[in-house]
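Below: the structure, in structure tokens.
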Amino acid sequence: MGLYKKMDALTQIPWYYFAAIDQYERSVRLARRDIPKASGITGIYIKEQDWTGILNPNLKDDNPSTIAFFDGKGVDGNGDGKASLDDSEDVMYSIAEFLLPYGVHEYNIRIALWNYYKRDKAVGLIMEKAKLYKTFEKLDLDGKAFPLPKGFNYSYRNTWGDARGWGGRRIHEGTDIFADYGVPVRSTCYGIIEMKGWNKYGGWRLGIRDINNTYHYFAHLSGFAKDLKVGGVVKPGQLIGGVGSSGYGPPGTSGKFPPHLHYGMYKDNGRTEWSFDPYPYLRLWEHQK
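The sequence shown begins at 1 in the UniProt record's numbering and counts up by one.
What follows is the structure in structure tokens.
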């Protein structure tokens, strides 16, 4: 936080944009095998040739003058006379140097981010993270909650990857938690609501993106909690709806299967998004609730 606040003071770019960019890149690096894992304070990844300049013969160059001569991204962010890729302040300030010519307001930041990443999804995820940091005014937003509260009967087992028949040949991308109709369903994370509405497979369903680029999917709901809307902020344990049996048909279809919550998790790695097994996480959160 100290680093983000310092960049804020130096550039007038709000700290939560630096935090959001950093967290986005850290999450991408954790989900990918083709780029190294973060080893310093920041998670931002810049290739050596981009840092020093594409035609610079010295990939370890930390001289700001020669880096600038070769049009590299590296800058001296802390006044020590070096532009080091191993220095978190230098790396973060290089991002600031890219953003500043566009302006410091949200609209300007969006344009700058698109020109940097060339991916609409990346821009959206970073802006979501910025909204979370701005709302809660802290960096520790990794808290999780089991989707059903204490005091209610439920059952579930690992059904991820099982075959599904309705709607064509497909696999089950989640875990089914069976409970009585109307049992409260809670947000599992701090996150932004990305999707809310009807789907012929999932019925009334809700999608929430957390701080680590993970998408939490809640389906077959009986309905939604009041005042939930796309773009809204939620936190772990917050009521989002109720267990139902909606889906497998046009809007309003219900009762084609026993009431349960379908809960799925999806990861974005900066290129694409895929489903992964939520069962181990549910078991962990269940014992923590």
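Backbone N, C-alpha and C fix where the C-beta goes; we use that ideal spot for every residue, glycine too.
Is there contact between the segment 107–125 and the segment 68–76, where contact requires at least three CB pairs shorter than 8 Å? no
For R32 versus N269, is the C-beta spacing smaller than 8 Å? Start at 1 with the first residue of the sequence shown, and residue 32 comes out as number 32. Start at 1 with the first residue of the sequence shown, and residue 269 comes out as number 269. Yes; because the gap between Cβ atoms is below 8 Å, this pair is in contact.
Quick check on G244: buried or exposed, where buried means 16 or more other Cβ atoms within 10 Å of its Cβ? In the sequence shown, residue 244 corresponds to position 244, counting from 1. So G244 counts as buried.
Under the three-state reduction of DSSP, which class applies to G124: helix, strand or coil? The sequence position of residue 124 within the sequence shown is 124, counting from 1. It is helical.
Just the C-alpha distance for G43 and Q23, rounded to the nearest angstrom, thanks. Sequence index remark: in the sequence shown, residue 43 carries index 43 (1-based). Sequence index remark: in the sequence shown, residue 23 carries index 23 (1-based). So the two alpha carbons sit approximately 7 Å from each other.
Sorted by chain position, which residues of the same chain lie with C-beta nearer than 8 Å to R186's C-beta, five sequence neighbours on each side aside? Your numbering for residue 186 matches position 186 in the sequence shown. Correct list, in chain order: A145, F146, P147, L148, P149, P236, G237, Q238, L239 and I240.
Near V75, what residues of its chain come up, given a Cβ to Cβ distance below 7 Å and the 5 sequence neighbours on each side ignored? Reading the sequence shown from its first residue, position 75 is the one you call residue 75. Closer than 7 Å at the Cβ level, and outside the excluded window around V75, lie P64, A83, D90, Y93, S94 and E97.
Using the rule of at least 16 other Cβ atoms within 10 Å of the residue's Cβ for burial, across every protein chain shown, is I54 buried or exposed? Looking up residue 54 in the sequence shown gives position 54. The residue is exposed, with fewer than 16 neighbouring Cβ atoms inside 10 Å.
Opposite T175 in the DSSP bridges: which residues? On the sequence shown, position 175 is the one that residue 175 refers to. Answer is Y263, bridged to T175.
Do R205 and Y215 count as a contact pair if the criterion is CB distance below 8 Å? Taking the sequence shown and counting its residues from 1, the one referred to as residue 215 is at position 215. Taking the sequence shown and counting its residues from 1, the one referred to as residue 205 is at position 205. Not closer than 8 Å, so no.
Distance, Y156 Cα to I109 Cα: On the sequence shown, residue 109 is found 109 positions in, with the first residue counted as 1. On the sequence shown, residue 156 is found 156 positions in, with the first residue counted as 1. Cα to Cα, the separation comes out at about 44 Å.
Start and end residues, beta strand (DSSP E) containing R209: Working through the sequence shown from its first residue, we reach residue 209 at position 209. Looking at the DSSP string, the run of the beta strand (DSSP E) that includes R209 is G203 to D210.
Taking only beta-carbon atoms, is I13 less than 8 Å away from chain D? Judged by its chain identifiers, the structure shown contains no chain D, having just a single protein chain.
On a CA-only basis, which of N213, I193, Y201 and N199 is nearest G207? Give me that one, please. By 1-based counting over the sequence shown, the position of residue 207 is 207. Taking only the C-alpha atoms, the option nearest G207 is I193.
Where G182 falls: helix, strand or coil (DSSP): Indexing the sequence shown from 1 puts residue 182 at position 182. Three-state result, G182: coil.
Cα-Cα separation between Y263 and G174, rounded to whole angstroms: For the purposes of this step, residue 263 is taken as residue 263 along the sequence shown, with counting starting at 1. For the purposes of this step, residue 174 is taken as residue 174 along the sequence shown, with counting starting at 1. Going by the C-alpha atoms only, they are around 5 Å apart.
Mapping the DSSP letters down to three states, classify W114 as helix, strand or coil. As a first step, residue 114 is located in the sequence shown; it is residue number 114 there, counting from the start. Residue state, collapsed to three classes: helix.
Simplified DSSP state of T214, which is helix, strand or coil: Locating residue 214 in the sequence shown gives position 214, where the first residue counts as 1. Residue state, collapsed to three classes: strand.
Return helix, strand or coil for M7, following the three-state DSSP convention. In the sequence shown, counting from the first residue as 1, residue 7 sits at position 7. It is helical.
Less than 8 Å separating the beta-carbons of Y45 and E25? By one-based count along the sequence shown, residue 45 stands at place 45. By one-based count along the sequence shown, residue 25 stands at place 25. The answer is yes: Cβ separation under 8 Å.
For V104, which residues of its own chain have a beta-carbon under 6 Å away from its beta-carbon, when the five flanking residues on both sides are left out? For the purposes of this step, residue 104 is identified with residue 104 of the sequence shown, where counting begins at 1. Closer than 6 Å at the Cβ level, and outside the excluded window around V104, lie Q12 and I13.
Which residue comes first and which comes last in the beta strand (DSSP E) that contains Y154? On the sequence shown, residue 154 is found 154 positions in, with the first residue counted as 1. Run containing Y154: Y154 to Y156, per the beta strand (DSSP E) assignment.
For H220 and H260, which I take to be in contact (beta-carbon distance under 8 Å), what is that distance rounded to the nearest angstrom? Residue mapping note: residue 220 aligns to position 220 of the sequence shown, counting from 1. Residue mapping note: residue 260 aligns to position 260 of the sequence shown, counting from 1. Indeed, because the Cβ distance is near 6 Å, the residues count as touching under 8 Å.
Pair within 8 Å by beta-carbon distance, Y281 and S275: Locating residue 281 in the sequence shown gives position 281, where the first residue counts as 1. Locating residue 275 in the sequence shown gives position 275, where the first residue counts as 1. Cβ distance not < 8 Å, so Y281 and S275 don't count as in contact.
What whole-angstrom Cβ distance do G249 and K200 have, given they're in contact under 8 Å? The residue you call residue 249 lines up with position 249 of the sequence shown. The residue you call residue 200 lines up with position 200 of the sequence shown. Going by Cβ atoms, the distance from G249 to K200 rounds to 6 Å, so yes, they are a contact pair.
For Y190 and L141, the rounded distance between their alpha carbons: Along the sequence shown, one-based indexing puts residue 141 at 141. Along the sequence shown, one-based indexing puts residue 190 at 190. If you take the alpha carbons of L141 and Y190, they lie about 6 Å apart.
Could you tell me which of G247, E273 and W15 sits nearest to G202, measuring between CA atoms? Counting from 1 along the sequence shown, the entry for residue 202 is found at position 202. That would be G247, whose Cα lies nearest to the Cα of G202.
What's the gap between the Cα of A130 and the Cα of G252? Locating residue 130 in the sequence shown gives position 130, counting from the first residue. Locating residue 252 in the sequence shown gives position 252, counting from the first residue. For A130 and G252, the distance between alpha carbons rounds to 36 Å.
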